[in-house]
Structures are given as C-alpha cells and as structure tokens.
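Residue numbers for the sequence shown follow our numbering, beginning at 269 and rising by one.
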Amino acid sequence: MKIAVVMVLGGLLALAGEKKLPSGEASNEAVGLQATVLDDEQLQQIFSSDFSRMFVVVEVTLMPKSGKTLDIRLDDFLVRSEQSGYHTGPLMAAQIGGEGGIVVKRPDPSKRRG
C-alpha cells in the first residue's frame, strides 16, 4: 500500500512567549501520522549542526493500524512552502553533506521536547 503524504509548511509565526514550531497529526483507517518541525537545538543534538538554518527538518512518525504493514518510500513525502510555492521531497544525507556524509545520532528520548 502506498500512502502519499503532503505536508504544507507555512511561514513560522512569531508568538509571544515560548517559540512553538509547527507540528500536526492526521490519520485514516490504515495509518496514523505525526509530524514535527525540529528546532536548531534538536538539530544540533541529532546532527551536530543546524545546517546554517538553510534546511527545514521534519520528523515524521507513521503508525500502521490493525497490524497491517505499509510500503513507505522517500518519494511518498513532499514538503511545500505556501509562501513561495517551492516544494521538494526528502534529501539524502549525501545531498546535504556531500561525500563526507553526515553522522546521525539517535537523541535520548528522555530529553525529547514536544
């Protein structure tokens, strides 16, 4: 089963008080989905870089329902800016970091925000 997910990221709103990045969730009879934009601190913790604030990193969690399995591929996802109309699919580490690659660390779940 192939599920296409389109996430629309609008401009970030400047809120009084604590800065809250966009997040959302959706579901249907086959799958539940949660998505959260990671902040600079989370990027530093996971990638040891904030990528000079040139990229938006979205953590997406898919939860199959009814014990079914899902065939999910990178090209099932799309990020689009409502402001500019620009859209892209997920990038591989080599597309961002070049041949040297990027070291991805799994964050400590007890220190996770959100």
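Backbone N, C-alpha and C define an ideal beta-carbon position, used for all residues, glycine too.
Going by DSSP, Gln302 is part of the beta strand (DSSP E) stretching over 299 to 305. Going by beta carbons, Val325 and Leu338 fall outside the 8 Å limit.
Burial is judged here by how many other beta carbons sit within 10 angstroms of a residue's own beta carbon; Leu306 has at least 16 and is buried.
Between Leu301 and Leu346, the gap from beta carbon to beta carbon reaches 8 Å or more. In this structure, the CA atom of Gly335 is about 41 Å from the CA atom of Ser320.
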